[in-house]
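Residue numbers (my numbering): 5 to 951.
By construction, the Cβ of each residue, glycine as well, lies at the ideal position given by its N, Cα and C atoms.
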């Protein structure tokens, strides 16, 4: 049983008042009989209101040392809910969170139990409408408005239709009854159609007889002598006539206060505006549970209204994300949420969510008792729309073309297509904002506007009805084509200023414009222009699948008789990049890059030439043509000299360094790439992010690997970790993927399986989330290699074979020899030496150019190990010698040490311990760091055995 000794206060919620110390529950001042266990449960839940209390904990608190099952708890919860009201009412107080427990969800008010509840002695002559039994998410607003009303005398609650202005005003008014001795009067202007009747309507609300054509003098005489609160509801349609009257009343009646609700402010002296914002909605984030989602008022309102119509209702884990999505899509508008909740009985939560985008959602009906303009969303919006002057209604219709946030410049461009001048449009947008028909959207760089989704759907229908849809859509598409082209021009070349990332919030509008542009009724010329302008936008945002879709459509739509060379150059380049990273290294990639590069040369555009050489360089490395990649880098040197820009020269250095690393020239690789560690990427870098990844990160991974290969393991580890951190900061999925793929090998080479596993699992997850198919296959292969190292030979072989199948299919050949080498090691460990030998021989045969590849020394060493297992020691020794010779030519001390260890074991078995020591000891002595890494430990153990 809960401890109540220190509880001498009362807690109120709704019509109930609970005294834990007296163990008494009252409803509307009358005692309410409740069983002991049910009362104990209520006391515990109220003590920790807002928390989800585990069922076991609740049983332990209420039953103490008695052993009971959850059935007893459910029985008493049901009893408690019945006492608190019907299913609809009780669910407002006690929420069942499946799998978690119970939560008391109502707002609480603390008071002294000895205080008597008093009602105002004087009742209002014009009774206030009843407030909501429970209002969700508005307690802070009610408190702030009450405070503002005491300080400023005239407060207007402003917000869009259906947001809950009247409900909040009534809650404030009822809370002020005592302060005004019951003199609180409600004046509903909603049904008033003749503005001349405003004074008479106020007088009638006060119970005054109107005996003259101008009741204002008599009305003011009465009001001057009274301390009173007037609540003016639904003022937007008569605000021009009401505003001067309200100002006069406030000026001449010093004890009178006015609380008004309107979709726009009065804009008079002394007015205090309180803008009512939508209910808070759950964010769009993975991993939110039921309790997290129900912590937001919009979700609470939705679930509560479902419970009222269905009776007992429990939100499931499956439906919880749908509820969050519904509330977000309805922008937290209370009326829209209530109307949607009312459809769950007929369609279910998933069905209701699927219908939100249909026009029928605007016609869903709400409570029969609601005022007509609140019975459907369409009626609520029509009420505001019909009050607009022509310029404002036309501007609002045009704005429905925007999806998500938009700027003033974009809005003006669309308004111009409707024949609205810029000054008129600026004034109209300002007025629409003040009338709560446009909302502002937070942005870091500049103000953004947006239409609530419900408003957009309504005025979008009006746009079609007025025959303006095609004209407005064309203006919208043309604006974004010009907008993106301007950004591209600003960010061409070596400067980091500009770029597309700060404009990512325009993505929904770019998508909508492209969809219209390539529709049957649109102008494909606009579509081609927009796709060319948007290509680099999609690449920089790493939206590769979308980039491929639109560039392919645009290229198919090009009029060969009137092709714009620059447009085709841009489209071909973007097509090459998007295909390469999503579908693999097909000939279509080479063809697109080659065509685009030829066009750049014809246009004598050096910036684009260098950009395309980089793209071709990437492609050639991925298909295993490392000497071709080196040649491309050398072409880049010539272009960079003509540009005479240090940043361009630096990027070319990195291209050359990467090519040298892959060919096997590790000393040159380190020399060319070392600048990536010290160079500031933010100040002077070739702004070529449109390829989807960062040059400096690629140089850093080549540097890290080169450091290990040249005998500096500790520096390699440091560079690898630094590379991943730097890649994370860029927030480019391709860049991070590349950093993970290549730095994983540092940890595999040094024998740090734990860190290798962390990075491998991260790569697999990252590549799956960003649809990077070849990268995912690489991650699977690396996982297989790690499994081999840990002794799971069968599992490792399965993973490696699965990876190889995908990599061969996508022509991602840069990794195939690496994985073939690991697979051969696995096969020989499984006592399949013939299959292992065939596998490694095929891998070696893939390498052209007389074996010039970064991994050729390792392939030769592994071939030697396989030959040893096959009993062919003579040929094995020949392989080891070739591996050692090539390692020395490549300055690859890491491979040389491994080759020496393998050959040392053979010589030891042959009784040539002295030769083995002479080979191995000088290599170990060259290492000044990384002495506890796997290969150095194995080398010292072998030396110890040889001694």
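Item	Value
DSSP bridge partner residues for residue 275 (one or two, in chain order)	158
Segment contact, 8 Å Cβ cut-off, at least three pairs: the segment 252–272 with the segment 219–231	yes
Residue 190 and residue 235 closer than 8 Å at C-beta	yes
Element boundaries [alpha helix (DSSP H), containing residue 105]	Run containing residue 105: none in the alpha helix (DSSP H); it sits in the beta strand (DSSP E), 105–108.
Inter-stretch contact at 8 Å, needing at least 3 Cβ pairs: the segment 771–790 / the segment 724–734	no
Segment contact, 8 Å Cβ cut-off, at least three pairs: the segment 890–910 with the segment 702–714	yes
Buried or exposed by the 16-neighbour rule on C-beta atoms within 10 Å, applied to residue 39	exposed
Rounded separation between residue 890 and residue 667 - CA only	12 Å
Residue of 513, 569, 581 minimising C-alpha distance to residue 539	581
Rounded separation between residue 509 and residue 406 - CA only	12 Å
Rounded straight-line distance, which links the Cα of residue 142 to that of residue 264	17 Å
For residue 546, three-class secondary structure by DSSP	coil
Contact under 8 Å by Cβ, residue 165 with residue 387	yes
Cβ neighbours of residue 128 in the same chain (closer than 7 Å, five flanking residues each side left out)	Confidence at residue 128 is low in this model, with a pLDDT of 42, below 50, so the placement of that residue should be treated as unreliable; the coordinate-derived value is given next. Taken in chain order, the residues that qualify are 186, 187, 188, 189.
Nonlocal neighbours in the same chain, by C-beta distance under 6 Å from residue 693, ignoring five residues either side	Confidence at residue 693 is low in this model, with a pLDDT of 45, below 50, so its placement is unreliable and the value that follows should be read with caution. Hits under 6 Å: 544.
8 Å contact criterion, which residue 84 and residue 98 should meet: CB distance rounded	7 Å
C-alpha distance - residue 425 paired with residue 355, whole-angstrom precision	43 Å
Extent of the continuous alpha helix (DSSP H) run through residue 189	Note, residue 189: premise wrong, no alpha helix (DSSP H); beta strand (DSSP E) at 188–192.
Spatial neighbours of residue 398 in its chain, beta-carbon cut-off 7 Å, leaving aside the 5 residues before and after	422, 424
Residue 948, DSSP secondary structure in three states	helix
Supposed contact pair residue 630 and residue 857 - C-beta distance, whole angstroms, cut 8 Å	7 Å
CB contact flag (residue 958, residue 159, <8 Å)	Nothing about residue 958 can be reported from this structure: the residues present for the chain run from 5 to 951 only.
Meets three-Cβ-pair contact criterion under 8 Å: the segment 239–250 and the segment 131–138	no
Where the beta strand (DSSP E) through residue 100 begins and ends	98–101
Stretch pair the segment 472–486 + the segment 530–538: three plus CB contacts closer than 8 Å	yes
For residue 144, three-class secondary structure by DSSP	helix
Where residue 330 sits in the DSSP three-state scheme	helix
Residue 302 and residue 285 closer than 8 Å at C-beta	yes
Beta carbon of residue 616 nearer than 8 Å to that of residue 577	yes
Closer than 8 Å to chain D by CB, residue 286	No chain D appears in the structure shown, which is made up of a single protein chain.
Cα-Cα separation between residue 841 and residue 865, rounded to whole angstroms	12 Å
Extent of the continuous beta strand (DSSP E) to which residue 31 belongs	28–31
Unbroken beta strand (DSSP E) run spanning residue 454, endpoints	452–454
Proximity test, residue 910 beta-carbon vs the ligand NAP heavy atom, cut-off 7 Å	With respect to the ligand NAP, the structure offers nothing, as it holds no ligand at all.
Under 8 Å between C-beta atoms of residue 905 and residue 929	no
Length of the line joining the Cα atoms of residue 372 and residue 344	Low confidence applies here, because residue 372 scores a pLDDT of 43, under 50, leaving its location unreliable; read the following figure in that light. If I take the Cα positions, the gap works out to 15 Å.
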